[in-house]
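A.B. asks: Residue numbers for the sequence shown follow this note's numbering, so the first one is 6 and each next one is one higher. Think of the CB as a built atom: it goes at the ideal place given N, C-alpha and C, for glycine as much as any other residue. Being a predicted model, the structure only gives us computed values, none of them experimental.
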Amino acid sequence: MNNNDLIERYKASNISVPMSMIGWMRSNHAGETGAVWIYIGSRCVFWNKDIKKMSREHCQTEKNHLIIMNHLLKNQNKSKLLLIWRVLGFSLGFFSAVFGYRFFCVTIQAVETFVEKHYQEQIEYLYTHSISYDLLKVLEICCEEEVEHQNDAGFKKGKINNYIENFWSRVVGSGSSLAVSISKLI
Ligand SMILES: [Fe+2]
Ligand SMILES: [Fe+2]
């Protein structure tokens, strides 16, 4: 699928981002950058076939999301800290994968649970204020695909989290929240 097909698929042609959404869209672009790099990092754990398979599948969707965010957000509005988001994404993907498939799935489930909430806030804002129905539809498609990742990781992980995994999930959620707050501003 080339970029034009993707932009059509996400219904993202001819959308201009409202001023009130610039901060949010900056954080979306930064987040999708981080997401792509999570899976670049995890694929470095090449000896684990399950991690490699999930990373390859999820990474393709994250690359699509990044192309869409790149298309929607002008360069001047992008985060100035993209290098940091790449390094943090790579580190999170690599180090969680080093601890094995289950721990990697716990991490992905935690990240995607946060991302779902993050997209839902924007969808609700656009819906409540009747702003840009077109942008709302794009964010809805992205959000649905994040939920698919979340469910995929949750299903493959299986049984409920233990104490350490719950603690780690909260750390990942708080870290993601902090990254969003910063990337909304800069
Ligand atoms: Fe994504
Ligand atoms: Fe995702």
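1) To the nearest angstrom, report how far apart E170 and V111 are at their CA atoms.
2) If I follow the unbroken alpha helix (DSSP H) through G94, where does it start and stop?
3) How about E151: is its Cβ closer than 6 Å to a heavy atom in ligand 2?
4) To which residues of the same chain is W42 closer than 6 Å at the C-beta, ignoring the five residues directly before and after it?
5) Between which two residues does the alpha helix (DSSP H) harbouring C148 extend?
6) Let's test the definition: count the other Cβ atoms within 10 Å of the Cβ of Q172 and tell me whether it reaches 16, buried, or not, exposed.
7) Cutting at 7 Å between CB atoms, please list the residues of its own chain near F109, excluding the five before and the five after it.
8) Relative to ligand 1, is the shortest distance from any of its heavy atoms to the C-beta of A184 smaller than 6 Å?
9) Which value, in whole angstroms, describes the spacing of the CA atoms of H154 and N167?
10) If you follow the alpha helix (DSSP H) that F51 is in, where does it begin and where does it stop?
11) Going by other Cβ atoms of all chains shown within 10 Å of its Cβ, with 16 needed for buried, is Q127 buried or exposed?
12) Would you mind reading off the limits of the alpha helix (DSSP H) that contains S84?
13) For E37, is the beta carbon positioned less than 6 Å from some heavy atom of ligand 1?
14) Measuring straight from C-alpha to C-alpha, what distance separates N19 and H76?
15) Relative to ligand 1, is the shortest distance from any of its heavy atoms to the C-beta of A40 smaller than 6 Å?
16) Got a sec? Which residues, its chain only, sit under 6 Å from I73 by beta carbon, not counting five neighbours each side?
C.D. replies: In short, the structure shows the following:
1) Going by the C-alpha atoms only, they are around 7 Å apart.
2) It spans 87-103 - the alpha helix (DSSP H) in which G94 sits, taken as one unbroken run.
3) Checking every heavy atom of ligand 2 against the Cβ of E151, one is found closer than 6 Å.
4) Correct list, in chain order: R91, G94, F95.
5) Element bounds for C148: 138-162.
6) It is worth fixing the name first, because residue 172 is Phe in this sequence and not Gln. Classification for F172: exposed.
7) Within the same chain, F109 has close Cβ partners S47, I56, S101, A102.
8) Distances from the CB of A184 to the heavy atoms of ligand 1 are all 6 Å or more.
9) One C-alpha to the other measures close to 21 Å.
10) Run containing F51: none; DSSP gives neither H nor E here.
11) So Q127 ends up on the buried side.
12) In the DSSP assignment, S84 falls outside any alpha helix (DSSP H) and carries neither an H nor an E.
13) Judged by the Cβ position, E37 qualifies as a neighbour of ligand 1 at the 6 Å threshold, a heavy atom of the ligand being closer than this.
14) Straight-line Cα distance between these residues: approximately 10 Å.
15) Correct: A40 has its Cβ closer than 6 Å to ligand 1.
16) Excluding residues within five positions, the ones whose Cβ falls inside 6 Å are Y15, A17.
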